[in-house]
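Numbering (our numbering), first residue to last: 8 to 190. The beta carbon of each residue, even a glycine, is placed where N, CA and C say it ideally should be. Treat the numbers as computed from the prediction; the structure is a model and nothing was measured. Beneath this line is the structure, given in structure tokens, with notes to follow.
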């Protein structure tokens, strides 16, 4: 009974995230992206890892020289990787041959993934609410990397961003890295 409620809650959360992201896309708050190529990614550019770590950001930055918007591209890649990871965990949960221990671990990992997605979305939206044009946060383990669209951050702005991240994630200030990026 508890597993059914948990699964229903998780499914409802993902549907709500999908609806919210579609609302944001339709509201016009994001810049229009014009692709200059066929839109089919090269096999070398696409990461096949099951989880996102802080090194994934470098791969997206290095392949982003074609004039595309970094923030939009990173979110798309992050969502794709998270979707793959969630699908993999759901396969384990629904596999009748899997042990109960591995099913329980997969269930916990899926819930942790949903919580991580929620924290990242909250931080990004709070940073935008402070007047920044765009931001992306990468939570990995016990650290956070924040990339903010800005031509130059003042110490006050860095303090605002750090405060948002520490309050939302519970991480200490020495575990937070803030990078400014202009597009």
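Pairwise C-beta distances place the region 140-159 out of contact with the region 98-105, as fewer than three of them are shorter than 8 Å.
DSSP, read as helix, strand or coil, puts residue 161 in coil. Looking at the DSSP output, residue 156 sits in a beta bridge with 188. Where residue 133 is concerned, the enclosing alpha helix (DSSP H) starts and stops at 107-136. When rounded, the separation of the alpha-carbon atoms in residue 155 and residue 169 is 12 Å. Comparing C-alpha distances from residue 17 to each of 162, 131 and 93 shows the shortest one belongs to 93. Within the DSSP secondary-structure output, residue 168 pairs in no beta bridge. A distance below 8 Å between beta-carbons, with the five flanking residues on each side excluded, links residue 21 to the following residues of its chain, in chain order: 93 and 121. A direct Cα-Cα distance of roughly 20 Å separates residue 119 from residue 179.
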